[in-house]
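Before any comments, here is the structure.
Number of protein chains: 2
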Amino acid sequence: MLHIMHADFAAPVERLIDELKHLPGIGQKTAQRLAFFLLRAAPEDAPALADAIRDAKEKIRECSVCHNITDNDPCHYCTGATRTRATICVVEEAHNIMAIEKTRTYSGMYHVLGGSLSPLQGRGPEQLKIKTLIERLKGGGVEEIIIATNPTAEGEATAVYMSKLLKPLGVRVTRIGVGIPVGGPRVCRRGHHAKSDGRPPRPVIHSSP
Amino acid sequence: MLHIMHADFAAPVERLIDELKHLPGIGQKTAQRLAFFLLRAAPEDAPALADAIRDAKEKIRECSVCHNITDNDPCHYCTGATRTRATICVVEEAHNIMAIEKTRTYSGMYHVLGGSLSPLQGRGPEQLKIKTLIERLKGGGVEEIIIATNPTAEGEATAVYMSKLLKPLGVRVTRIGVGIPVGGPRVCRRGHHAKSDGRPPRPVIHSSP
């Protein structure tokens, strides 16, 4: 028989545990462990985390061009002197940009959709940042859109939708190659590769978050 | 081949990730996930966590009697009107008190040692809050000390040390029973049970953190 009992910590500790439990993947036990760690930490260490949270929330905004998170608008990808403006890589979330940057094989622009199409969760095309992408295309100079949404059902559906929407606008639309990550287990996967367009194949990039 | 590459987040995001990585059990990936969650969270949610950390650090102090963490000194166990002052349960850390309180079978006093004897980590008897426990005994009225240190090698060594130290002071010293937790897997364990002192056995309490 399991009872969920009221933990009898002092009120500020209870509040801290409750707030930590709001974080993804943090349950009661982990929250307790983190709370006690923070309470035991040096007097300057715990406020450092509090300050970092506050500071990030205050300074970080969305890039008005690509919707990446940034402290300077436009972000440093949009303003990068060495980056080509001819390609835009479309990703679901800002942190997906990191996975692509880590491959060091891409130096174009980005566009963050802010999610994927998911009718079950009520996310239709209006909820994604698609309008601003089309406006960027209208600005001219863009030759290729690389759709790098996640290799999930929603991500694939979003890729198909975007592809149909963008191709009539006279831009080349490609889907990122998705393969087995280097060093990952060699389990059998159904391969998703970018359709051949007569050019040598793109390096395989695994865009897990 | 694995490269650890510099993540190219905006400085406040980097700082937040770095601070989150200081937490126990939080690595780079989890820290990133938590940071992006906090950035995406509603404007009032992330500061709530920051405030809770700050608040807890400011208000929480050590109880001057039992060394439990508390926002009121002495803590509510030491001042509890319905709690018996005749027994003191000795635990390693403040959060161990919760495990014992959850059993709802104990309503005496507590004493938090602040760790266990660990010569390898340089924790000798001087590093533990033993002097104040002896002072409490000198104050009179204490009939029994229950040693509820963890069932680890260090915890057991601490229990033996405490027992030898306290018995000459004319107080009954018992070790808490450690058994298989209710609902836990029935794997074979070497049983550690409190030595019989002629009274009915104590309820088995599993004092994992």
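Protein chains in written order, with the numbering used here: chain S, 6 to 214; chain U, 6 to 214.
Even for Gly, the Cβ is constructed at its ideal location relative to N, Cα and C.
Since we're looking at a predicted model, the values are computed, not measured.
Rounded to whole angstroms, what's the CA-CA distance from residue i to residue j? Just pull it up for me.
i: residue 17(S); j: residue 170(S); result: 52 angstroms
i: residue 73(S); j: residue 20(S); result: 32 angstroms
i: residue 32(S); j: residue 26(S); result: 5 angstroms
i: residue 178(U); j: residue 127(U); result: 26 angstroms
i: residue 180(S); j: residue 71(S); result: 19 angstroms
i: residue 193(S); j: residue 135(U); result: Note that residue 193(S) scores a pLDDT of 47, beneath 50, so its modelled location is shaky; the value from the coordinates is reported in the next line. Rounded to whole angstroms, residue 193(S) to residue 135(U) spans 60 angstroms at the Cα level.
i: residue 183(S); j: residue 49(U); result: 38 angstroms
i: residue 112(S); j: residue 141(S); result: 17 angstroms
i: residue 105(U); j: residue 172(U); result: 23 angstroms
i: residue 107(S); j: residue 176(S); result: 26 angstroms
i: residue 215(S); j: residue 60(S); result: As shown, chain S starts at 6 and ends at 214. That puts residue 215(S) outside it, with no answer to give.
i: residue 64(U); j: residue 64(S); result: 28 angstroms
Among the options, whose alpha-carbon lies nearest the alpha-carbon of residue i?
i: residue 79(S); options: 88(S), 174(S), 69(S); result: 69(S)
i: residue 125(U); options: 159(U), 36(U), 52(U); result: 159(U)
i: residue 150(S); options: 75(S), 127(S), 89(S), 108(S); result: 89(S)
i: residue 46(U); options: 134(S), 24(S), 167(S); result: 24(S)
i: residue 145(S); options: 133(S), 65(S), 174(S), 183(S); result: 174(S)
i: residue 133(U); options: 176(U), 107(U), 167(U); result: 167(U)
Need the endpoints of the beta strand (DSSP E) that residue i sits in, please.
i: residue 116(U); result: 114 to 117
i: residue 49(S); result: Segment: none, residue 49(S) is in no beta strand (DSSP E) and carries neither H nor E.
i: residue 150(S); result: 149 to 152
i: residue 178(S); result: 177 to 180
i: residue 92(U); result: 92 to 96
Can residue i and residue j be called in contact, C-beta distance under 9 angstroms?
i: residue 76(S); j: residue 15(U); result: yes
i: residue 92(S); j: residue 147(S); result: yes
i: residue 2(S); j: residue 95(S); result: The requested residue 2(S) does not occur in the structure, where chain S is confined to residues 6 to 214.
i: residue 155(U); j: residue 97(U); result: yes
i: residue 22(U); j: residue 58(S); result: no
i: residue 138(S); j: residue 130(S); result: no
i: residue 143(S); j: residue 51(U); result: no
i: residue 54(U); j: residue 28(S); result: yes
i: residue 157(S); j: residue 30(U); result: no
Does the ligand MG have even one heavy atom less than 8 angstroms from the beta-carbon of residue i?
i: residue 141(U); result: In the structure on display, the ligand MG does not appear, and there are no ligands present to speak of.
Taking residue i as part of the alpha helix (DSSP H), name the residues at either end of that continuous run.
i: residue 65(U); result: Careful: residue 65(U) lies outside any alpha helix (DSSP H) and carries neither H nor E.
i: residue 165(U); result: 158 to 171
i: residue 31(U); result: No alpha helix (DSSP H) contains residue 31(U), which DSSP labels as neither H nor E.
i: residue 101(S); result: 99 to 107
i: residue 143(S); result: 136 to 143
Please list, in chain order, the chain A residues whose beta carbon lies closer than 9 angstroms to that of residue i.
i: residue 118(U); result: Absence of chain A from the displayed structure is noted, the protein chains being S and U.
Review point. Given 8 angstroms as the limit, is there contact between the segment 76 to 92 of chain S and the segment 27 to 40 of chain S, that is, 3 or more CB pairs closer than that?
Key: With fewer than three CB-CB distances shorter than 8 angstroms, the segment 76 to 92 of chain S does not count as touching the segment 27 to 40 of chain S.
Practice item. Specify whether the segment 94 to 101 of chain U and the segment 113 to 123 of chain U touch according to this definition: at least 3 beta carbon pairs, one from each stretch, less than 8 angstroms apart. Key: The segment 94 to 101 of chain U is in contact with the segment 113 to 123 of chain U.
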